[in-house]
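Asks:
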């Protein structure tokens, strides 16, 4: 397979000024490609599948809101795509107004419902008499404030900047430290090279019987592989069949990870590989146990060939 | 402990006309108690914690949107509460209008963003020229249509009925068959009696090491207990510590479940019990394995006492 | 149950002068009881079962010859007995002769076949022209030499001493360092008190299916209990049913061990408890893991009672 | 590697007339090779290692006496050998006398101590006044009776036949149905071809820590491989290091077995392969689970290559 060509046309969950755009800017210099906003995660993924975009940056999970079903389902179903990169972005909300607006002037506040939920306490303190109104995105809210339709928007700093607003209050979240994990998604094919500190994502569908999940986890444990995320979801159309969405440490190019995935492929109803990519949360994978690294696998191959008499 | 007193004052995620109210109506006859809408899941749970309500009905997970973080977190943190009942409700959206409005008259459509997301395809077919507008809930949308502010609302049948609207289109969801799982939450204390077909919910917090989740699952597996849901979440404030939200088959009053929970309490950083309650999804738990039922535990106790010489 | 009465009448695998007698002498001062030799392990155990003896000292395993089936089977079948003590004895063979016999005078050598096997190399060097003859025990061999029937016996130092012989050659074993593990066996009933460094022995009979043994071992592993010996044996009379003879760390009076044994009792075809007794091999058990000690179990009981509402 | 050459020179545990010779006769027609008795298991194995014999037939375990340490240790240490065949022989003892001897004439009985132990009850009934005498083998005993030195021998039917004796009493064992499992041992190298109903033997040496054996067994369980025998032995020279002698179902040429052995090689201190050979106990291996057969492994390889982009 030819080496991977870096993507140059990037779809993202728009409109302009969303956290997704901020994440994309942090990940890809503007000189490296063009960015196209899409109205939904599904639309951004469809653009990759159709070839209209080389890659899509979409949110996968948020430390406050949990996983993003549209992304989970969008990756699990349809033409195979793979994650080639993960990007973490601090979710820093600001209360954005037109220049000159003071807190006492704010009679209306708009934002996406999730953003309003994460700032409800602060808003009740700051503007107790205002009932916040939901709009379809934080960026749309910023645009509406810029247009003079409302007085203030809860949005990302990037949205305030893009729409000519100023941050009246920063760090507006009730629970500071929220982080959203975005993933860059590309067509299945050549993968990023291992970096030594990678993650692998997959979805495993298992028949529902006592211990089925335990059997899945054992395939990782016997090969010394740690999981960093797991989530069960009932499959939509099959009674008693569950799917598990998993992130594990390591790259599919590693022997231990490859053997574990092949084992799941053998024993599960279905396994979908969702990519191996550099870990970007600032942490290091656990050290690979002795006996689980590629050298140990290679040495064991030689030993096995010798005892089989096929060396 | 005195027997459980049935709750009579019910908080729910409002406003009136939400799916939560519909779920509550399906679960509790109006003669059995009074119902109070609350503006958020947190508010509904707070009403139970403060004693202003006996119980709260809140959404836990949706087959399309996934789990509801506000409920997950509201149960995992704060004063202990327990689930005493689960209620499943088909998410049937209607396009509700004032009597006399025809499809050709619809120039504006409003709803909660999640409802708009789940009906986007149908709406694009039905009213291709309309850009739907988000409001804070499907019930608020219905009220706004009733007030003449907009032409149509995507809402629950109960909301159309309550606000004097008529369903212009039924079964509006792009993916039919969506179901929301609500839970009735009460203060920790006396539990519902076992019915023979129960579920138990809990949150386990584990130190992050290879195999930690496997160890948690083994405690269930060795005692013949099936899991029906699992979800990992990074804890908000502790690096490398994960929490797992689990549903398992069985009631904590059963020996096998009690011993498994006690084992988790011993080996996990923290375990929060979230209730044992009748299974209500129309399925039967797997048969309890020989050796895992209460009679087997009682018999084993007697055997152990005999060999210990303490019989 | 009344406290355990120390045994005073000891059966052992005779005749006088065997390693079993030496082990019994090392374990029980002569002032503490009377010792009775028996012709076989079965006879010694039968004396305990019939009440003719309070306890029997019999060999369980040897570091060179492996386990002793007569003892294994004698404990696994028949009226229940328990091990109350283990005794390790270095197997030091001497070449015993009548006073005055020189190596060059030795024309015949006798011993038990196992002893001859373990000294075959040395004998071939020392007395290359002699074909050793088997007798029914090392002690019988010593007695026969004392009686003038043969020139030399391979036996225990105690046998040489008892029969008036002198050790012509000491440390006769080809592989030095052999150790035999003897066990003191008493009727089932009150057990030795825990010492903090105990072992527990048992036999578990399991239906033969893939993973059956794994399931047995998991009951120990989930409770943090290490095994120190395991041996599978096909059951004599039931096709496809295996029994496992196990030693684990800990005392049945400990919660973790008691719960593990009760679990095996629930899930196995049969479990026979063979006693808890002080570890005597000079090693310390692994430290009990946090969460596996009795305090953790007691605390978990209280927690469980609270969440069950039965506190 | 060149195909396996059938052995033609067979060593066995002698002398002539032992059960080992009987087993060898049942396994190999006399036209297929020459048979050479050896005085000990060690000597028979040494003959194979030195090239003096092509193969050795030695006893591995007995349903009454348990495993044979000399064989276990002889295979585990020294130059690698492999089992190429297993042979089961019913242990049918006869009371053999010279023609013309009646039961009332028997004043002395001789045999190997193990044989005397297994027939002690019947002998006590048949010849209550006789104290049996041990000799070094059942065959030696038969020869001694033939020579007129004693009146009766407890031996194999083959020994009676070979030494011109007649069976005065047949089926002499106290517990009928005893079976000895012999193994044919050859130099490591080309293996017998898989038959579809094979066993594989090995010795795994593991560091002694809680759960070490569980980890070993998991490598078989995750690949759907059943064990048919397991035995732990302390290693002779290393404190806290155990070795496990195992038989599992399947042939090392099968993917599942090969991968399990390679995994053990990676995670254990040491693994010694002791051969794959046709199962001969009259039983069939458990059916290979879906997902564990070679076709499933091959298919998973192709899948893995595709997701790795190396197909």
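Protein chains in written order, with our numbering: chain H, 1 to 311; chain Y, 312 to 622; chain U, 623 to 933; chain P, 934 to 1244. Even glycine gets a Cβ: it sits at the ideal position worked out from N, Cα and C.
1) When you compare the CB positions of residue 513(Y) and residue 582(Y), do they come within less than 8 Å of one another, or not?
2) Pick helix, strand or coil for residue 310(H), following the three-state DSSP scheme.
3) Could you check what DSSP says for residue 230(H) in three-state terms: helix, strand or coil?
4) Which chain H residues are close to residue 422(Y), counting only those with a beta carbon under 9 Å from its beta carbon?
5) Report yes or no: is there a C-beta of chain U within less than 8 Å of the C-beta of residue 589(Y)?
6) Closest Cβ-Cβ distance between residue 447(Y) and chain H: below 8 Å?
7) What's the C-alpha gap between residue 74(H) and residue 204(H)?
8) Name, please, each residue of chain Y whose Cβ falls closer than 7 Å to the Cβ of residue 922(U).
9) What residues in the segment 197-229 of chain H bring their beta carbon closer than 7 Å to a beta carbon of chain P?
10) Under 9 Å, CB to CB, which of the residues in the segment 684-704 of chain U have a partner in chain P?
11) Based on the DSSP output, what are the partners of residue 1208(P) in its beta bridges?
12) Any chance the segment 861-879 of chain U sits against the segment 672-680 of chain U, with 3 or more Cβ pairs inside 8 Å?
13) So residue 1186(P) and residue 1209(P) are supposed to be a Cβ contact under 8 Å. How far apart are they, rounded?
14) Taking 8 Å as the threshold (beta carbon to beta carbon), is residue 1165(P) in contact with chain U?
15) Could you confirm whether any beta carbon from chain P is found closer than 8 Å to the beta carbon of residue 297(H)?
16) Going along chain H, which residues have a C-beta under 9 Å from residue 1124(P)?
17) Looking at the C-beta of residue 1206(P), does it have a partner C-beta in chain H at a distance below 8 Å?
18) Using the rule of at least 16 other Cβ atoms within 10 Å of the residue's Cβ for burial, across every protein chain shown, is residue 590(Y) buried or exposed?
19) Under three-state DSSP, which class holds residue 943(P)?
20) Could you tell me which chain U residues have their CB closer than 9 Å to the CB of residue 625(Y), listed as they occur along the chain?
21) Who are the neighbours of residue 880(U) on chain Y, taking C-beta pairs under 8 Å?
22) So, does the CB of residue 975(P) fall closer than 8 Å to a CB anywhere in chain H?
23) So is residue 117(H) in contact with chain Y if we call contact Cβ pairs under 8 Å?
24) According to DSSP, which residues form a beta bridge with residue 66(H)?
25) Buried or exposed for residue 345(Y), going by 16 or more other Cβ atoms inside 10 Å?
26) Thinking C-alpha only, which one of 105(H), 169(H), 23(H), 69(H) is nearest residue 151(H)?
27) Which residue from 842(U), 904(U), 891(U) puts its Cα closest to that of residue 880(U)?
28) If you run the structure through DSSP and keep just helix, strand and coil, what is residue 186(H)?
29) Of all Cβ atoms in chain P, is any one closer than 8 Å to the Cβ of residue 253(H)?
30) For residue 829(U), tell me which candidate among 845(U), 851(U), 848(U), 855(U) has the shortest Cα-Cα distance.
31) Count Cβ pairs between the segment 318-334 of chain Y and the segment 484-499 of chain Y that sit closer than 8 Å; are there 3 or more?
32) Can you give me the start and stop residues for the alpha helix (DSSP H) that residue 1071(P) sits inside?
33) Going by other Cβ atoms of all chains shown within 10 Å of its Cβ, with 16 needed for buried, is residue 414(Y) buried or exposed?
34) Could you tell me which residues DSSP puts in a beta bridge with residue 777(U)?
35) Excluding five sequence neighbours on each side, which residues of the same chain lie with their C-beta closer than 6 Å to the C-beta of residue 584(Y)?
Replies: Based on what the coordinates show:
1) Taking 8 Å as the Cβ cut-off, residue 513(Y) and residue 582(Y) qualify as a contacting pair.
2) Reduced to three states, the DSSP call for residue 310(H) is coil.
3) In the structure shown, residue 230(H) sits in a strand (DSSP, three-state: E or B).
4) None at all; the shortest Cβ gap to chain H is about 10 Å.
5) For residue 589(Y), the answer is no, since every Cβ of chain U falls outside 8 Å of its Cβ.
6) Cβ-Cβ to chain H under 8 Å: yes for residue 447(Y).
7) One C-alpha to the other measures close to 15 Å.
8) For residue 922(U), the chain Y residues whose C-beta falls within less than 7 Å of its own C-beta are 573, 576, 577, listed in chain order.
9) So the close ones are 218, 219, 222.
10) Listed in sequence order: 684, 685, 686, 687, 688, 689, 690, 691, 692, 694, 695.
11) Per DSSP, none; premise fails for residue 1208(P).
12) Between the segment 861-879 of chain U and the segment 672-680 of chain U, the count of C-beta pairs closer than 8 Å stays below three; the two stretches do not touch.
13) The distance from the Cβ of residue 1186(P) to that of residue 1209(P) is about 7 Å, consistent with a contact at the 8 Å cut-off.
14) By this cut-off, residue 1165(P) is an interface position.
15) Between residue 297(H) and chain P, the shortest Cβ-Cβ separation is below 8 Å.
16) Contacts between residue 1124(P) and chain H, judged by CB atoms closer than 9 Å, involve 307, 308, 309 in chain order.
17) Interface residue, yes.
18) Label assigned to residue 590(Y): buried.
19) In the structure shown, residue 943(P) falls within a strand segment according to DSSP collapsed to helix, strand and coil.
20) Limits of chain Y in this structure are 312 at one end and 622 at the other, which puts residue 625(Y) out of reach.
21) In chain order: 615, 619.
22) Not one chain H Cβ lies under 8 Å of residue 975(P).
23) Cβ-Cβ to chain Y under 8 Å: yes for residue 117(H).
24) Partner(s): 62(H).
25) Exposed is the label assigned to residue 345(Y), since fewer than 16 other Cβ atoms lie within 10 Å of its Cβ.
26) Nearest of 105(H), 169(H), 23(H), 69(H) to residue 151(H), Cα basis: 105(H).
27) A check of alpha carbon separations from residue 880(U) across 842(U), 904(U), 891(U) identifies 842(U) as the nearest.
28) Here residue 186(H) carries a strand assignment [DSSP, helix/strand/coil].
29) Answer yes: the Cβ-Cβ gap between residue 253(H) and chain P drops below 8 Å somewhere.
30) Measuring from the Cα of residue 829(U), the nearest candidate turns out to be 855(U).
31) The way I'd put it, the segment 318-334 of chain Y does touch the segment 484-499 of chain Y; three or more beta-carbon pairs between them come closer than 8 Å.
32) According to the DSSP assignment, residue 1071(P) belongs to the alpha helix (DSSP H) that extends over 1071-1079.
33) With fewer than 16 Cβ atoms within 10 Å of its Cβ, residue 414(Y) is classed as exposed.
34) Bridge partners of residue 777(U): 716(U).
35) Result list for residue 584(Y): 513, in chain order.
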